[in-house]
Structure formats: C-alpha cells, structure tokens
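These notes concern the structure reproduced below.
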Amino acid sequence: MREDAVTREPLDSGTAHSARVYDYILGGKNHYRADEAAGDAMVEVWPALPVHMRANRAFMHRAGRYLAREKGIRQFLDIGTGLPTSPNLHEVVQETAPDSRVVYVDNDPIVLNYARALLDSTPEGRTAYVHADMRDPEAILDSPDFRRTLDPDEPVALTVIGILHFIHPSDDDHGLIQRLLDPLPPGSYLAATIGTADFAPEEVGRVAERYAAEGMPMVLRTHAEATAFFDGLELVDPGVVQVHKWRPGPDDEPVRDADIAMYGALARKPG
Ligand SMILES: C[S@@+](CC[C@H](N)C(=O)[O-])C[C@H]1O[C@@H](n2cnc3c(N)ncnc32)[C@H](O)[C@@H]1O
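Anchor point for the sequence shown: position 182 equals 259 in my numbering, and the numbering is continuous, going up by one each time.
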C-alpha cells in the first residue's frame, strides 16, 4: 500500500472491538486489555468459542482454495477482513494461482493500521486495502483501489466471512449483498459465513449478550435466514451447512456440531 493511501484514525483502545476480540481469541497479538477482558468473558460463557472461530477461519481457507483451484477464480473482494492472521485469503489463493488479486475491506481503524501485512502480494498478483463500511457498498465499489485492482469484466468472488452477524436486518442486510453482487459479472461467486444459535442456543445466546454489553450487538440467523443471502444464486454442494461440514479436508480439526455457531456456503451468480 502506498503511504498516502493510509489515513490513520485515532485508536480507541479502551473499548472492545470485534476484530481485536477475534484476534485475542485466535491467539493473535493485536489487541488491548479491553478486548482481552471481553474475550475472556465470552469464552467463560461459551468455552467452545475458540473452536468455533477456528472453524470459521478454516472455512475461509477451504472456500478460497476451492474457488482458485476448482473454479479458476482470480479476483477476490473480501469484506470484514479482520486483523492479518496468516494465512490470509491472498496467501491461500496465491498459493494456487500467484496472479490472484485480492481487495480487502474493513471499517476498523486498527485493521487499517495493520493493513500493510495484507498487502504482501506475490509479484504476479496484487492486493489492496479499502477502509470502508460494508453498509456503504458504493464506497467500496467506487473506491480507486477497488477499480484499479479488479477487472470489471472478469468474475470476482465476494467473500463475506465472519461479519454478517454484525450487519443487522435494519441495515438492509440482504440488499447490501445484492448491491455488492450487482456489478459483478455472471460466473462471480458469493462465499459467506452466517452466525447462528441453532446448535447451542443457550451458550451462543449468552455470548451474544456479552457482545451486546460491549456495544457490539449481534444478529444470529436461522438456516432459512442464512440461506436467503444466496437467493438467486446457484449454491455449490453441500449448500448451506455448518462451516465445518462444508467440504472438510483431512487436516481440519474434528469438532462437535454444538461447538459451531456458523453456517457457511458458496454460490455462483448465474447468467
Ligand atoms: C470476526 S472478524 C472476521 C475476520 C475474517 N473475515 C475471518 O473470518 O477470519 C469481523 C470483521 O468484520 C469487521 N466489520 C464489522 N462490521 C463491519 C462493517 N460494517 N464494515 C466493514 N467491516 C466490518 C470487523 O472490523 C472485523 O474485522
């Protein structure tokens, strides 16, 4: 990233933030005491939270590999990227296709501060970082970095992983996905994970209460609500399933269904 593309915002280290809590629970280093306290309180109410978060991350890796290897996708728009925890999406897809291009998007100032680590592309490929809010799709699609990095005539995989539980129906959640997909050509894909309380309602409900108490209200969706994000698209087998059941590989951590509060799916834009 060019230095002038980085607008550093003051960091609020006294308030927990989802990206930093996630980093803390995943064993990363980019968080503050408020995030540790929030994370500890959440793990106390649901000890499976780290397993659940790792399974979400592993889905992202498998979906990225599948898109690059099996579907020949070379362009990715990743919204709600989070703090750089290797391997990031560009590392996964550039391993298969070094010429892959990835645009990362997040609205957290601390993610922006660490964005340089996301921009460590292969020479053949390219990565870019857009500091924007998913609730403003046009800010993403009209950004110079998006336009410079991705070819509008070639398919793009829109990856929305571990973020939709922070996007409320009152924000027109489905409309946002639609607006992001609209300009992408047929043959593009949507990969998403969607938080749910279907498998451990009490425990996940308590985690949601903790997040809400920390100022991060969360939306948990049923299978039907999760599936509705893929309306009008062609779901790839096995459809909308808990993330650990989506094309698991031999290296994936074995987990119990009750420990995974996330649906995941991949679908193709027809046409
Ligand atoms: C739990 S992390 C997921 C990180 C990564 N995608 C993964 O699954 O490993 C959620 C990320 O979404 C970002 N986020 C939350 N609401 C957002 C919004 N409205 N616009 C852009 N990013 C958002 C947070 O800042 C955080 O980095």
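Beta carbons: idealized from backbone N, C-alpha and C, even for Gly. Keep in mind the model is a prediction, meaning the values are calculated, not measured.
At a threshold of 7 Å, Tyr99 counts as near ligand 1, since its beta carbon sits closer than that to one of the ligand's heavy atoms.
Burial state of Glu280 is buried, judged by a 10 Å Cβ sphere holding 16 or more other Cβ atoms. Shown here, Ile240 sits in coil according to DSSP, grouped into three states, outside any helix or strand. In the three-state reduction of the DSSP assignment, Ala234 falls in the strand class, which pools E and B. As computed with DSSP, Ile156 is found in a beta bridge with Val182 and Val237. With a cutoff of 8 Å on beta-carbon distance, Leu154 and Met211 are scored as not near each other. For Arg203, the uninterrupted beta strand (DSSP E) segment begins and ends at Arg203 to His208.
In the structure shown, Leu218 adopts helical secondary structure according to DSSP, grouped into three states. Around the CB of Lys106, fewer than 16 other CB atoms lie within 10 Å, so the residue is classed as exposed.
Taking the CA atoms as reference points, Trp123 sits about 45 Å from Asp230. Excluding its 5 nearest sequence neighbours in each direction, Arg203 has C-beta neighbours in its own chain below 6 Å: Arg178 and Thr226, listed in chain order.
Annotated three-state conformation of Arg256 is helix, per DSSP.
Taking His300 as the centre and dropping the five residues before and after it, the same chain places the C-beta of Thr273, Asp275, Val317 and Tyr340 closer than 8 Å to its C-beta, in chain order.
The criterion of a C-beta distance shorter than 8 Å is not satisfied by Pro263 and Glu311. In the same chain as Ala335, and ignoring 5 residues on each side of it, the C-beta atoms closer than 7 Å to its own belong to Phe276 and Ala277, in chain order. Per DSSP, the continuous beta strand (DSSP E) segment holding Met339 begins and ends at Met339 to Arg345.
When the five nearest sequence neighbours on each side are left out, the beta carbons in the same chain lying within less than 6 Å of the beta carbon of Ser220 are those of Val207, in order along the chain. Taking Ile102 as the centre and dropping the five residues before and after it, the same chain places the C-beta of Gly116, Met119, Val120, Leu126, Pro127 and Met130 closer than 8 Å to its C-beta, in chain order. In the displayed model, Ala277 falls within coil according to three-state DSSP, outside both helix and strand.
In this structure, Asp329 sits near Ala135, with a CB-CB distance shorter than 8 Å. A direct Cα-to-Cα measurement between Thr270 and Asp197 gives close to 25 Å. Linking Asp183 to Pro164 through their CA atoms gives a straight-line distance of about 17 Å. Taking 7 Å as the cut-off, the C-beta of Ile271 does not count as close to any heavy atom of ligand 1. When beta bridges are read from the DSSP output, Glu311 appears opposite Arg345. As computed with DSSP, Thr270 is found in a beta bridge with Gly341. A distance below 8 Å separates the beta carbons of Tyr266 and Ile150.
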